[in-house]
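Residue numbers (this note's numbering): 200 to 398.
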């Protein structure tokens, strides 16, 4: 991709950067000088600083580790996150202490779901991931890493109807609940949750 030569091309580039910022760490920071050009719409000037930011962004995008395919026999780990209006999750395998995402799922909560207690939002994030990726949940053992007592909440017979329904739905999968130890993938789940547009 060549350097932008007009303000319209810069606008297209910054729109793409903004769209990808949900998935790429520090993409907005890397493209900050490109965003500054848009403030001076009348005087388009492609500066050395802009060129350097553009080259850094291209290099960063080229070396990104994108989504990976799991190897049969792997245990997959699921990190959950919720905010007042969104839930998100990241599914990762762990190889030699490194985690690379397989899939991200996020969901903007509707009016009723926004009023769920935080523990139920975490359960909803788990169910949403299981519904989107049944082949992974059927083919691999999944360890849910969380600091919330999901196992106890989903196992209570006196739980609200939706939790019982979700527990029955999840019982067909090989899911274990583990204490959260690694923060890297959890930070990714939190980031996706926070950056999900609610409008």
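Every residue, glycine too, gets a C-beta built ideally from N, C-alpha and C.
- Message: Taking its Cβ as the centre, do 16 or more other Cβ atoms sit within 10 Å of residue 308, making it buried, or is it exposed?
- Response: That one is buried.
- Message: Quick check: residue 339 and residue 256, are their CB atoms within less than 7 Å of each other?
- Response: no
- Query: Taking the alpha helix (DSSP H) that residue 325 falls in, what are its first and last residues?
  - Reply: 317-331
- Query: Identify the residues that DSSP records as bridge partners of residue 288: which are they?
  - Reply: 279 and 304
- Per DSSP, what kind of secondary structure is residue 266 in: helix, strand or coil? coil
- Are there three or more Cβ pairs, one per stretch, closer than 8 Å when the stretch 284-293 is compared with the stretch 348-359? no
- Straight-line Cα distance separating residue 261 from residue 245: 22 Å
- Can you grab the Cα-Cα spacing for the pair residue 215 / residue 208, in whole Å? Whole-angstrom Cα-Cα distance: 11 Å.
- Message: For residue 306 and residue 361, what's the separation of their Cα atoms in angstroms?
- Response: 17 Å
- Item | Whole-Å CB distance - residue 279 paired with residue 329, under 8 Å assumed | Not a contact, Cβ separation roughly 11 Å.
- Supposed close pair residue 304, residue 327 - CB separation, criterion 8 Å: With a Cβ gap of about 6 Å, residue 304 and residue 327 count as contacting.
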